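In this note's numbering, the protein residues as written are 5 to 117.
By construction, the Cβ of each residue, glycine as well, lies at the ideal position given by its N, Cα and C atoms.
All figures in this text were calculated on a predicted structure; none of them were measured in a lab.
Since the structure comes first, as structure tokens, the remarks are kept for the end.
This is how it looks when you write it as structure tokens:
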């Protein structure tokens, strides 16, 4: 069992030191340094939550709420920092998805018979 834990430690360190993880940390740091983009992201999330809650409760979503959500979305996706952060997130998540696929493949062998 200790060998498995040691290998897991190595895997964790390798993931942390990967270019994808480095890119994500750098993009997050740059994004967090821009308070206006962070505020925009928070405003978008709050508006998105509001619309989702209204829909969940089967209440009407006002046109004004839809327009505000779209406006915030458009501003957010036009931010170069947000684009860089999102791209770094996608790359990292894709790497983790591939790691999980390999693990599941090998763990599935244990589940047979």
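For residue i, which of the options has the nearest alpha-carbon?
{"i": "residue 38", "options": "6, 80 and 113", "result": "80"}
{"i": "residue 90", "options": "62, 70, 34 and 64", "result": "34"}
{"i": "residue 52", "options": "40, 93 and 69", "result": "69"}
{"i": "residue 103", "options": "116, 28, 8 and 18", "result": "18"}
How big is the Cα-Cα spacing for residue i and residue j?
{"i": "residue 72", "j": "residue 30", "result": "30 angstroms"}
{"i": "residue 62", "j": "residue 105", "result": "38 angstroms"}
{"i": "residue 66", "j": "residue 44", "result": "21 angstroms"}
{"i": "residue 57", "j": "residue 86", "result": "25 angstroms"}
{"i": "residue 5", "j": "residue 88", "result": "40 angstroms"}
{"i": "residue 9", "j": "residue 41", "result": "40 angstroms"}
{"i": "residue 114", "j": "residue 11", "result": "18 angstroms"}
{"i": "residue 64", "j": "residue 54", "result": "11 angstroms"}
{"i": "residue 116", "j": "residue 32", "result": "41 angstroms"}
{"i": "residue 83", "j": "residue 20", "result": "27 angstroms"}
Can you tell me where the alpha helix (DSSP H) holding residue i begins and where it ends?
{"i": "residue 99", "result": "84-115"}
{"i": "residue 66", "result": "Counting along the chain, residue 66 falls outside any alpha helix (DSSP H), and DSSP gives it neither H nor E."}
{"i": "residue 23", "result": "23-37"}
Meets three-Cβ-pair contact criterion under 8 angstroms: the region 90-108 and the region 9-29: Taking a contact to require three or more Cβ pairs closer than 8 angstroms, the region 90-108 and the region 9-29 qualify as touching.
Contact the region 73-82 vs the region 44-64: 3+ CB pairs below 8 angstroms: yes
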